[in-house]
Every structure is written in C-alpha cells, then in structure tokens.
Amino acid sequence: MYILVINAGSSSLKYQLFDMPSDKPLCTGLIERIGTNEAFIRHKILTVDPTQTIERQEAIADHSAGLQQMVELLSDAEIGLIHSADDIKAVGHRVVHGGERFANATLITPAVKETIKDLFPLAPLHNPINYQCIELAEKTFPNARQIAVFDTAFHQTMPEYAFRYAIPESLYTDEGIRVYGFHGTSHKYVSEKAAAWLGKPDAKLISIHLGNGCSITAVQNGKSLDTSMGFSPLAGLVMGTRSGDIDPSVIFHLIAKGYSADAVNNLLNKQSGMQGLTGLNDMRDIRKALEAGNQAAALALDIYAYRIQKYIGSYAAVLNGLDALIFTAGVGENDSAMREQICANLDFLAVYLDSDKNRVATGDVREVNRPDSAVKILVIPTNEELEIAQQSFDLLETA
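Sequential numbering of the sequence shown, starting at 29, is according to this note's numbering.
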C-alpha cells in the first residue's frame, strides 16, 4: 500500500513515500523557503543504489506550488515511482494541534477539518498550513484516504494534575488553556524504540528532543506523563529562537515599558533562545563561535544544558526512577559535546556517559553509557514520517 506522508511547516514541505508495511521509504523530499524566488528542492530516490538525488533552486510561490512540484517528481516519466495520483492509497498529514479532541490518528472528514480550523488560534503558524495541505492533497489525490496524525495526541495520556495550570477553572473549561505538549509523534516513535531496545515495555524513560525546537517528555508504559512544552511550543527548554520557561511578569514588565503584545510574542518566539543569547540559532554555528573563543556562545551552551539537566531531575522524580535517557532530533543525535555536557553532574542518578562511545556516529539506535551506568543513555534517530505512515497504515487496517 503506497502511503505518502506530508509534514508541512510554515515555509517548508517534507514528504516521504512508503510501500507499507515496509518501514523503508521509497523516496524522501524536502522543499524549503516556500514563498520565495529561491526555494530549494531536494528529492532522494532510495530504490536505487547509489541513492539518486535531485536538487534544484527555483521560485515556489506557495504550498500549492510546492505540492505540485512533489507530484511531478513522484510521477516523472524517467525517475518517478508512481504512474498516477491513484497509486497513492493514503496520505498521512502531520497536524500540529489536535486540542483535547484527538488522541490517535484520525481519518479526515469534514467534521475533523472543522475542528482543525477551530484550533487555528492555538497554533496560528502551523494548523492553517496543515489545513491548507489537507485540502490540496484532497484535490491532488482524490481517491486516497486522508489521515491526520497530531503532534499533541501522544500527550493526551498526561494526568490532569500534570496538564492543568493553577488558574481559574473557567479558563480551562471555556478557553482550553492547559498543557498540550508538542513533538508527540517524535517522542512516541523514539520511546517505543527505546522500550524495544531495552526489552522492557514498562520502561521509565526521559525522551529529549533537541532540534531548533526542543522538548523533553517523561514516559512510562509507553505513555506520556509530563512534557516541557505547554499551551504552546514556547514553554520549557531553551530553543533555537524561543526563550523556553520565563517568569510571566517579564511580559507585563515589557508591555509596561511600551512593547506591544505582538512585539513581546515575536521577541520570545523568534528573537530569544540561542538566537537572543548569541545572535545565532544553529547549534553548528554556535559551536564554531565557541571554538573561536566567543564567551556568549559558552554561556548560551551552559544555559541550554543546565535547563535540560533541571528537567531530567524533575522528571526522574515524576517517574520515581529512570531506565534510560533518549537523545533525538538534530542536536540530540549529532552533537556529542552537548550530550556529554548534559550528562555531566548526574551522578546522583548513576548516569555515566562513555566519551568514546558518545563520539561514534552510526545512524542507528546506540548506547553511549558506560557499563557501570545504572541508566542507559540512548541515541535514537527520530523518524516522524515513518511514525505517521505506520499510524496511518494501522488505522486503515483496522477501519
């Protein structure tokens, strides 16, 4: 069964084509800088050896044009993997916010689309784009089943005492203000991989997703018990451009000083985090600045690691124990120095990282802890697209 996975961002479109139930994609693709004259397309065909990669740069006005480029590459007479749109039996969509309505992959109906629209105010940068791509996919693949997999769904298992804020109840019941959590598809994927690796379905895990956006989740029995992102993706860890946790009174102070609410929102979401501390938001660039003796970069890395360590301590208490730490996503998988910095000073948990193992990159699940570490330290490459494809396939098999 050919399942196409679409993972749309505000100015990007990632996609993978699977012939399920195989977990190996037939092709992967990325379209970046949509809406500009210098959009970048990278399309990789994985059914040939060596892998065939098509790269080009051109104007792509919007996601509709990006989706058309994807279809043309998938059905190209020479390099295409499908003969027509009818070959695609299902399209799995990443949708960022599902509110309290969705805890599992869901067949998209008019009612589901209306709910996604109703949630626009909770994810204004993402849900409208996700909705637009659903409508475009419905037109492009009219005979395919459309399926939504929500970033928030995995965290719907959190107990009420973890997801409620200490504010008047009416703000929860009437306005939906609570912890929702994000990166759920990634946390679900890597925590299941970790439990299988350990041979322990009820494992107590702390999943640390470190990319441009960062979050950390406490998982036991395959369920999310708590997570660092909250009502929005702004809360929790220090991120590429987001501040993470901050005293709310700072917002009132800035507004009293003349900042508009929009300006504060932009400041905390797009001008803070590592960007605010160093002027850089890519960890690779910050590493180069550190090597050049940049003290702001050194401080930023200390703050970044310290915040993660604090959450590890608190989530070890939530779990009342710990079987494994999981590092995933761009920074988590590739920055060995950051893993080492985070795992330092965790002796009270008997967390001991092996520096030699930590520096070896394999692209597979691997342990980087010492033999005497009471807690496994796992590096697990995330694959949100595969998780979406698997959930879509499972849904169709049971529908």
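We put the beta carbon where it would ideally sit given N, CA and C, even for glycine. This one's a predicted model, so the numbers in the text were calculated from it and none came from an experiment.
Residue j beta carbon less than 8 Å from that of residue i
i	j	result
F178	V119	no
V278	F355	no
N53	L41	Note on identity: in this sequence residue 53 is Pro, with Asn being the wrong assignment. The answer is no: Cβ separation not under 8 Å.
I34	I62	no
Y43	D115	no
T269	N297	yes
G204	G127	yes
I157	A36	yes
L318	L305	no
L423	L32	no
K117	R173	yes
D51	L414	yes
Q230	Y343	According to the sequence provided, residue 230 is Asp. The question's Gln does not apply to it. No, they are not a contact pair.
V266	R367	no
V99	T168	yes
K404	A352	yes
T64	I73	no
A357	L238	yes
Helix, strand or coil at residue i [DSSP, three-state]
i	result
V407	strand
K316	helix
T426	helix
K141	helix
Y334	helix
G358	helix
S235	strand
D114	helix
F46	strand
F210	coil
L350	coil
V123	strand
Y339	helix
I195	coil
I136	coil
N35	strand
R387	coil
Y287	coil
A324	helix
N309	coil
Y30	strand
Through-space distance from residue j to residue i, alpha-carbon basis
i	j	result
E361	A222	14 Å
R315	R387	15 Å
K141	P399	50 Å
G272	G212	17 Å
F259	G209	7 Å
P49	A417	9 Å
E106	P149	44 Å
D202	R192	13 Å
R129	E425	22 Å
I244	S235	6 Å
L95	L164	8 Å
N132	F182	8 Å
L153	P261	11 Å
A246	Y332	19 Å
V76	S39	30 Å
D313	S364	15 Å
I110	E86	24 Å
F13	I175	What is shown of the chain runs 29 to 427, which leaves residue 13 out entirely.
L282	G307	21 Å
R84	N171	30 Å
L199	S401	44 Å
L300	Q419	Looking at the sequence provided, one finds Ser at residue 300 rather than Leu. Answer to the nearest angstrom: the Cα atoms are 35 Å apart.
T185	Q97	38 Å
L101	A67	16 Å
A143	T137	A quick correction: the sequence has Thr, not Ala, at residue 143. For T143 and T137, the distance between alpha carbons rounds to 10 Å.
S383	D392	18 Å
L147	E197	20 Å
D104	Y159	27 Å
Proximity test, Cβ basis, 8 Å: residue i and chain D
i	result
R394	No chain D is part of this structure, which consists of one protein chain only.
Anticipated Cβ contact below 8 Å, residue i with residue j, distance rounded
i	j	result
S256	G264	3 Å
L377	L350	6 Å
N249	N309	Not a contact, Cβ separation roughly 36 Å.
V359	M302	So it is not a contact: roughly 10 Å between Cβ atoms.
I82	H91	Incorrect: roughly 20 Å between the Cβ atoms, too far for contact.
H121	I162	6 Å
Query raised in the report: Quick one: any contact between the stretch 311-327 and the stretch 225-235, if contact means 3 or more CB pairs under 8 Å?
Result: no
Query - Contact the stretch 201-220 vs the stretch 408-417: 3+ CB pairs below 8 Å - result: yes
Requested in this report: Count the C-beta pairs between the stretch 390-397 and the stretch 367-382 that are closer than 8 Å, then say yes if the count reaches three, no if not.
Outcome: yes
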